[in-house]
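**Q** Dropping the structure in here first, questions after.
In the working numbering, the protein residues as written are 226 to 442.
Next up, the structure:
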């Protein structure tokens, strides 16, 4: 197994966010932004011994900047596909003001902090062609948790190669509630990432369901 240095990877992810302009978008100085993320190093290093190196579809951890820190309308355009420059877009089928009504499922107990860590992230390509509701049930049976919108954006921000043709993924950890049947998803459109949604009962051969092993603040 290739040696993996969790501390070095933590620093790389912080640097990526800084280089993409997250401090300014969050209304913070770079120093303050780095200070906000610094406490997350502890939980990462505590699990370092059990971490495997990143692969194309699975990574050991992600630093997640929530929409309370940087709105999705500003973080999505900072994503791009591997080797491409076209900025990510949000599907126009989200009505004006509707995006903010899609929130993390309460039962997932997603940390309330503006930034946190999500561990053992898998884009879930095994669920391509599976009905999203069935995929969510399988993820729950394994003791894993579906990714939220912000976690999906973090995945593509830090690992652009994770979003690939016929290997895109739903983000079932974020829903509107009230019986709404839409499941947010990230896929590829016109050479760029797109944050959209698909129906919970409709399978797509190119769309899996991303999940994680857990979260920490």
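Ideal placement from N, C-alpha and C gives every residue a C-beta, glycine not left out.
1) Count the other CB atoms within 10 Å of the CB of residue 424; is the residue buried (16 or more) or exposed (fewer)?
2) As a quick exercise: from 255, 254 and 287, pick the residue whose alpha carbon is nearest that of residue 269.
3) Are the region 226–243 and the region 378–391 touching, with three or more C-beta to C-beta distances below 8 angstroms?
4) For residue 278, does the three-state DSSP call read helix, strand or coil?
5) Only counting the same chain, and skipping five residues up and downstream in sequence, which positions put a Cβ closer than 7 angstroms to that of residue 428?
6) Taking 7 angstroms as the limit between beta carbons, can you name the residues of its chain near residue 328, skipping five residues before and five after?
7) Out of 420, 290 and 352, state which residue places its alpha-carbon closest to the alpha-carbon of residue 246.
8) Where in the region 350–428 do unbroken runs of the alpha helix (DSSP H), each at least 4 residues long, occur, reported from the N-terminal end onward?
9) In the region 229–313, which residue ranges form an unbroken beta strand (DSSP E) of at least 3 residues, counting only runs that do not cross its ends?
10) Between the region 334–353 and the region 428–441, do three or more beta carbon pairs fall short of 8 angstroms?
11) Would you mind working out which of 403, 358 and 351 sits nearest residue 430, comparing C-alpha positions?
12) For the beta strand (DSSP E) containing residue 340, list its first residue and its last residue.
13) Could you give the distance in angstroms between the alpha-carbon of residue 375 and the alpha-carbon of residue 394?
14) Can you tell me the Cβ-Cβ gap for residue 273 and residue 340, rounded? I've got them flagged as a contact below 8 angstroms.
15) By DSSP's criteria, residue 434 is part of a beta bridge. Which residues make up the other side?
16) Return the residue from the list 264, 266 and 335 that minimises the CA-CA distance to residue 447.
**A** Concretely, from the data shown:
1) exposed
2) 287
3) yes
4) coil
5) 354, 355 and 356
6) 399
7) 290
8) 357–366 and 374–383
9) 283–290
10) yes
11) 351
12) 340–347
13) 13 angstroms
14) About 19 angstroms; that fails the 8 angstroms criterion.
15) 395
16) Outside the modelled stretch of the chain, which goes from 226 to 442, sits residue 447, for which no answer is possible.
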